[in-house]
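To start, the structure itself, in structure tokens.
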Amino acid sequence: MNILKAFTIEQIQIINLIKAICKSNGIKAYIVGGAVRDAFLGNKVKDIDICIDKNPNFIIGKLNEIKCFQYYDKFQTASLLFQNEVNIDLIRCRKEYYARDGELPIIDPSNIYDDLRRRDFTANALAYDIVTGSLIDIYGGLEDIKNKILQKIHLNSYREDPTRIFRAVKYAVRYGFDLKDKDEIINCVNEGVFNLISNDRIVKEIYLLCEEKMWIKNILMCGNLKIFNVNREKLEIGNENYNNTNKRILRLFYALEDKKCAYILGENSVLDSKLKVSMKNFTKNYQKITSAILNTMDNYELYKILKGINDYGLILLKWNDKLKYKIYNYLHNMYHYKSSLNGKLISSIGIQNGKAIGEVLNYMTKIELNSMIKYEKKYLVKNLGEII
1 MNILKAFTIE QIQIINLIKA ICKSNGIKAY IVGGAVRDAF LGNKVKDIDI CIDKNPNFII
61 GKLNEIKCFQ YYDKFQTASL LFQNEVNIDL IRCRKEYYAR DGELPIIDPS NIYDDLRRRD
121 FTANALAYDI VTGSLIDIYG GLEDIKNKIL QKIHLNSYRE DPTRIFRAVK YAVRYGFDLK
181 DKDEIINCVN EGVFNLISND RIVKEIYLLC EEKMWIKNIL MCGNLKIFNV NREKLEIGNE
241 NYNNTNKRIL RLFYALEDKK CAYILGENSV LDSKLKVSMK NFTKNYQKIT SAILNTMDNY
301 ELYKILKGIN DYGLILLKWN DKLKYKIYNY LHNMYHYKSS LNGKLISSIG IQNGKAIGEV
361 LNYMTKIELN SMIKYEKKYL VKNLGEII
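Sequence positions in the sequence shown follow the UniProt record's numbering and run 1 to 388.
Quick look at the structure:
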């Protein structure tokens with residue numbers, strides 16, 4: 001069975017180089033995981049992982065075509081970029097143990113069968129022997145791919161590593177597979193398996209879900225699996241055209257009716273700091289800010305309320321139908337506002353006191369924003385006394 005027909009010429013060139021080294025040195029080597037799955041699905045193969053039963057450094061030392069690489073000693077794994085721009089990960093076959101549910105695994109070098117057992121789903125537990133050209137499929141993954149079924153490999157999979165729940169959602173939606181383990185996942189969620197892992201691990205998986213083309217379907221499936229409670233209407237099902245992943249995260253946050261998940265999105269080291277600030281401020285001050293905006297009577301008051309709020313915070317406010325026109329007004333007429341005056345100009349007409357200068361600046365800001373008229377600097381210098 002030759003799966004290499006799904007690979008590019010450049011990818012095959014590199015695979016053949018690795019194959020030659022492995023064959024001449026008695027090393028077992030297998031293309032594993034997503035690359036094999038995608039080849040059988042007829043999809044473009046992007047990420048190529050090759051498992052070997054030897055430390056990758058041995059092969060790296062014999063490859064002259066490598067442009068650059070990074071080696072990770074803890075996992076005996078190497079990420080290689082070749083001169084023809086092909087990326088390949090060389091991975092030492094390994095066995096994994098979980099001392100406790102939710103903890104990161106303990107790793108030992110092993111063989112391909114143990115390596116396949118540590119994987120998440122049957123569809124991802126296929127290995128193609130690049131030396132012999134044979135397929136290893138000990139969990140019926142090929143049959144599941146043909147039948148569009150996604151299921152775990154072993155009994156405690158979702159408890160050992162709760163992040164697999166998010167990956168189950170991602171693959172089920174991406175490939176249109178039927179998720180066989182729905183009831184078990186709901187039970188695990190209800191038991192609180194996500195309490196076993198850090199906020200960072202949870203948020204990394206949510207971010208990956210939001211990077212997907214069908215990200216809204218991912219979020220809705222998470223809702224169906226009780227991972228979090230989301231308001232379908234606020235998620236804006238008819239509008240999936242957010243190309244920026246941060247805006248998708250923001251939309252998810254806005255649609256959440258789950259305080260714990262909203263808290264996690266604001267308390268982690270994964271997301272952009274401005275994004276987290278906007279979400280935390282929104283949670284803390286939303287009612288107060290909304291009320292203040294609704295009660296503003298002029299541009300100057302609106303400007304004072306909104307000028308300290310970052311772009312993500314403004315987006316959150318704009319999604320409220322009651323506020324959107326005032327936010328639109330601010331964004332188009334005041335967001336880039338710069339006063340015609342500065343302290344130096346005011347000092348030039350004899351006002352030296354710092355407090356007085358501040359009062360003049362505020363007064364002129366109010367006049368300009370409410371009248372939407374920008375004054376020429378020369379006019380202000382000559383007529384400031386009359387204006388104020």
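Glycine included, C-beta positions come from ideal geometry on N, C-alpha and C.
Nothing here was measured: the structure is a model prediction, and the numbers come from that model.
Y72: first and last residue of the uninterrupted beta strand (DSSP E) it sits in
In the sequence shown, residue 72 corresponds to position 72, counting from 1. Taken as a continuous stretch (DSSP letters only), the beta strand (DSSP E) holding Y72 covers I66 to Y72.
C-alpha gap between residue 405 and I202, whole angstroms
Nothing can be reported for residue 405, as the shown portion of the chain is limited to 1 through 388.
Which listed residue (V32, K204, I197 and E211) has its alpha carbon closest to that of G133
On the sequence shown, residue 133 is found 133 positions in, with the first residue counted as 1. Comparing Cα-Cα distances from G133 to each of V32, K204, I197 and E211, the minimum goes to V32.
Under a Cβ-count criterion, where at least 16 other Cβ atoms within 10 Å of its own Cβ denotes burial, should M372 be classed as buried or exposed?
Looking up residue 372 in the sequence shown gives position 372. Its Cβ having fewer than 16 others within 10 Å, M372 is exposed.
Which partner residues of K178 appear in the DSSP bridge assignment?
On the sequence shown, position 178 is the one that residue 178 refers to. The question names Lys, but residue 178 is Asp in the sequence shown. Answer by DSSP bridge pairing, in chain order: I149.
Contact set for L302: own chain, Cβ-Cβ below 8 Å, skip 5 residues either direction:
Residue mapping note: residue 302 aligns to position 302 of the sequence shown, counting from 1. Closer than 8 Å at Cβ, skipping near neighbours: I293, T296, K326, N329, Y330 and M334.
Presumed contact (8 Å Cβ cut-off) between E211 and T245, rounded CB distance
As a first step, residue 211 is located in the sequence shown; it is residue number 211 there, counting from the start. As a first step, residue 245 is located in the sequence shown; it is residue number 245 there, counting from the start. Going by Cβ atoms, the distance from E211 to T245 rounds to 5 Å, so yes, they are a contact pair.
Between N54 and R92, is the Cβ-Cβ spacing less than 9 Å?
Taking the sequence shown and counting its residues from 1, one reaches residue 54 at position 54. Taking the sequence shown and counting its residues from 1, one reaches residue 92 at position 92. It is Lys, not Asn, that sits at residue 54 in the sequence shown. Result yes, Cβ atoms of K54 and R92 sit closer than 9 Å.
Cβ contact (3+ pairs, closer than 8 Å) linking the segment 257–268 and the segment 212–221:
no
Any contact of the segment 43–61 with the segment 143–160, i.e. 3+ C-beta pairs under 8 Å?
no
What does DSSP give as the partner residue(s) for R92 in the beta ladder?
For this step, residue 92 is matched to residue 92 along the sequence shown. Per DSSP, I52.
Excluding five sequence neighbours on each side, which residues of the same chain lie with their C-beta closer than 7 Å to the C-beta of K234?
In the sequence shown, counting from the first residue as 1, residue 234 sits at position 234. Taken in chain order, the residues that qualify are Y254 and A255.
From K247 to Y312, what distance separates their C-alpha atoms?
As a first step, residue 247 must be located in the sequence shown, where it is residue number 247. As a first step, residue 312 must be located in the sequence shown, where it is residue number 312. Near 8 Å, if we compare the C-alpha coordinates of Y312 and K247.
State whether the segment 7–15 contacts the segment 80–87, with contact taken as three or more CB pairs (one from each stretch) at a distance under 8 Å.
When C-beta atoms of the segment 7–15 are compared with those of the segment 80–87, three or more pairs fall below 8 Å, so the two segments count as touching.
Is the segment 69–76 close to the segment 182–191, with three or more CB pairs under 8 Å?
no
Just grab the DSSP bridge partners of A127 for me.
Walking along the sequence shown from the start, residue 127 turns up at place 127. In DSSP, A127 forms a bridge with V32 and I136.
Per DSSP, T365 forms a beta bridge with which residues?
By 1-based counting over the sequence shown, the position of residue 365 is 365. Partner(s): none; T365 has no beta bridge.
In angstroms with no decimal places, state the Cα-to-Cα distance between L275 and I315.
In the sequence shown, counting from the first residue as 1, residue 275 sits at position 275. In the sequence shown, counting from the first residue as 1, residue 315 sits at position 315. Each residue's alpha carbon lies about 11 Å from the other.
D38: buried (16+ other C-beta within 10 angstroms of its C-beta) or exposed?
Stepping through the sequence shown from its first residue, residue 38 is reached at position 38. That one is buried.
Three or more C-beta pairs below 8 Å linking the segment 163–176 and the segment 117–125
A contact exists between the segment 163–176 and the segment 117–125.
Is it buried or exposed, L104, if we count other Cβ atoms within 10 angstroms and call 16 or more buried?
Translated into positions along the sequence shown, residue 104 becomes position 104. It is exposed - the Cβ of L104 has fewer than 16 other Cβ atoms within 10 Å.
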